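For the sequence shown, UniProt numbering assigns the number 1 to the initial residue and increments by one for each residue that follows.
A virtual CB, placed ideally from N, CA and C, is assigned to each residue, including glycine.
Predicted model only: the values in this text are computed from it and were never measured.
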Amino acid sequence: MTRSEFDKNFELSWYTKNNYKTFLQKLSKSFGFVIILMPIFGILLSIGSIIDNYSNNEIAQKLFKNIGSILFSNIGIWFCLAIVIGFANNKGAAIYSALIFYLIFNVSISAFIVPSAEIPDQFNILFWKKLNSKIYLTNIFGINTFNTGVIGGLFCGTIATINYRIFKDIKLIKGLEFFAQEKFVLIMTPIFSLLCAFIFMIIWPMIGWALMSFGVLVAKSPVGVDSFIFRTLQRMLIPFGSSLLWQAPMWYTDIGGNLINYQDQLLVQYLNRTNADLSSSPGILEYILEQNVFGDQLYEALKEKLETNQELFSIIDNWFSQTNQLGLWDLRGDQIISAGVLHNEYVTIQDCWNSGLRVTRFLTGGFVNSMFVLPTIAVVIFLRIPKDKRKQHIGMYSSAILTSFLLGITEPIEYIFCYLNPIFFFAIYAPLTGVIGAITSLLELKIGTTFSTGLFDLIFQGIIPTINGQNTRIWILPILGICFGAIVFTISYFYFKAINFDPLTTNVQQKYIDKQNIVQLKLFFLNFKNIEAIKKENNKLNIKLKKSIEVNQFDYWFISIEKQNLEYYFVIKENYITTIELFIEIYNSKNNLNTFKVENKKQFLEFKKQFVKQNKK
């Protein structure tokens, strides 16, 4: 192999070196299985709130609120199942084993929880003593267990997936074949689940304490700083497909806050907001704040204190009863909490802010970005297209703008310029979104999301809560949107003009698209090592494999498929013929490189060293 042939083959290997990014994108895609449910359940919560405010139909409001809270109150199990769906190729046995795993995991933990005989609202587990029940425990489908939330779900889903991948192809001796393969996965599931439960019983009190402590530090950071950092990094991770991994801790865990740490302050806010008669119990608000206890301990202390003031205690008793029934004290994370309080009269969004918990600070800035800033950038980029070519591109740009404005899905616009002009994306656009996040936080603009930051979420998590009496300060949104729309129009217009930006330069963008397609094809065929022979004739692909593959997603690249043993015959879609040709070329180049490496390792390493040195910038 000559040096020029080596360089050509080695350069093609770039298309396959995407394992880490592919993993992140697959993980983000798994999260999407849960995120897509949030708008549905959020709408049901909104309907329940509307019925509660404008009707006396108690059954209807309970129905919608209870259904709506299923997702948010049991968030862990949905993430557990989503991970398995994403990483086990949607296999029924894997999903079934994950469900069993999660339930056994929590039942096992529940068996070791021993309520404290001395102090209500405290419990012991293994060597951990006097842990606060309201902070550490929750009820999942009738099981009193650790409130591990998303983290527990991801952990269970990951181990269940590993368990499935290890044992799904196992073969047993004659006479035990019935228990082989996927059935053996189900046999091993309780064992792994029990072991993992013991691990969590040992480490979770430490992890829970660390998460809550970090959440308190984040909450005490200067107003706007946390929002700026969050929004800037969130946007910077978009080109790598891993923004969901960054935002998940803030949206779904204690890092984004939890209500139980603010229970005493929230009760004080409720009593002040509802103008409860406190005249016969002077100093009661100060007394509540001085207790520094939560849940049953706070309830019992107030019951004893207000023994002679049953009228006030009945108000407090109802508050505890309603908030417990709604599961508010189990809510963790900015998005989950916002969905709970924006449609609630006992703990409101303003109560949270007055108590020091700035709910929606990691959410609201996105509305300015997706509804105003990005559509403006898209218009500016569209204006850079020559007039005689605009007609053929207007459909794509209109679709991207509407997707961002209505649904809050920003990637169609961001992908237009993030690869073609990374300097603008990382140095101007991403920090600007951080500034927007900081300003919305400083101005106490409070709008939540259940899916993303588009018009539909604005209606259900902003406009409707405002109509129902929540202090969202929603009137600030259009003002900020117009201001930042004007700012970003000016910056982007003159910047793109100065650098003579051409949005029709698709080479870089197409290269990354090809890379993603090659990686997905490699996964579809279970890696290059699974390919024994491959060739293309016109629009047909003939491929012989070592192991059979799942073909339920073949229609992305192919029109039809025929199979004879391990030989597959695909009819390629016209727009993917070039992609398949590139895939075959890469496959052949990898074989050539592997052969060259085996036959002449010393020269291979020397050529590789020269190639890396030559292409290093």
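Less than 8 Å between C-beta atoms, sequence neighbours within five positions excluded: which residues of the same chain meet that for N507?
Confidence is the limiting factor: at N507 the pLDDT is only 45, short of 50, which leaves the residue's position unreliable, though a coordinate-based value still follows. Within the same chain, N507 has no close Cβ partners at all.
Mark E414 as exposed unless 16 or more other C-beta atoms lie within 10 angstroms of its C-beta, in which case mark it buried.
buried
C-alpha gap between P115 and I260, whole angstroms:
19 Å
Quick one: is R165 buried, meaning 16 or more other Cβ sit within 10 Å of its Cβ, or exposed?
exposed
Let's see if you can read the secondary structure: which residues bound the alpha helix (DSSP H) around K174?
Careful: K174 lies outside any alpha helix (DSSP H) and carries neither H nor E.
Uninterrupted beta strand (DSSP E) stretches inside the segment 546 to 589 (no shorter than 3 residues):
558 to 564, 567 to 572
Would you check if the distance between the CB atom of P412 and the CB atom of A400 is smaller than 7 Å?
yes
On the DSSP bridge list, what partners appear for A430?
Per DSSP, none; premise fails for A430.
Using only the alpha-carbon positions, how far apart do D502 and W557 sit?
30 Å
Taking only heavy atoms of the ligand FAD into account, decide whether any of them is closer than 6 Å to the Cβ of K547.
This structure lacks the ligand FAD, and indeed carries no ligand of any kind.
Option in F192, V435, F456 with minimal Cα separation from L402:
F456
Nearest-angstrom Cα distance between G485 and F367?
12 Å
The alpha helix (DSSP H) that contains T253, what's its start and end?
Where T253 is concerned, there is no enclosing alpha helix (DSSP H), given that its DSSP letter is neither H nor E.
Can you name the start and end residues of the beta strand (DSSP E) that A533 belongs to?
531 to 537
I77 and M201 look like a contact to me (Cβ under 8 Å); what is the Cβ gap, rounded to whole Å?
Between M201 and I77 the Cβ distance is about 19 Å, and since that is not below 8 Å, they are no contact.
DSSP three-state label for E112, please.
It should be noted that the sequence gives Phe, not Glu, for residue 112. F112: coil per DSSP, three-state reduction.
Using a Cβ-Cβ cut-off of 6 Å (strictly less than) and excluding sequence neighbours within five positions of C80, which residues of its own chain qualify?
A98, Y102, G153, C156, G157
Simplified DSSP state of W128, which is helix, strand or coil
strand
Residue span of the alpha helix (DSSP H) that contains T323, given as start and end:
310 to 325
By alpha-carbon positions, which one of L342, I95, I255 ends up nearest to E182?
I95
In the DSSP assignment, what are the bridge partners of L137?
F146
Would you kindly work out how many angstroms separate the C-alpha atoms of K609 and N594, rounded to a whole number?
16 Å
Which full runs of the alpha helix (DSSP H) of 4+ residues lie inside the segment 457 to 516, going along the chain?
464 to 467, 476 to 498
Would you identify the three-state DSSP class for Q291, choosing helix, strand or coil?
helix
Any beta-carbon of chain D closer than 7 Å to the one on R384?
The question asks about chain D, but that chain is absent: this structure has only one protein chain.
Would you check if there are 3 or more beta carbon pairs closer than 8 Å linking the segment 358 to 366 to the segment 437 to 445?
yes
Can the beta-carbon of E567 be found less than 7 Å from the beta-carbon of K547?
no
Between F382, L406, F405, which has its C-alpha nearest G395's C-alpha?
F382
Output the residue ranges of the beta strand (DSSP E) runs that lie fully inside the segment 346 to 401 and measure 3 residues or longer, sorted by chain position.
none
Burial state of S69, where buried means 16 or more other Cβ atoms lie within 10 Å
buried
Which residue wins for smallest C-alpha separation from Q247, given the options N354, Q470, F230, S221?
F230
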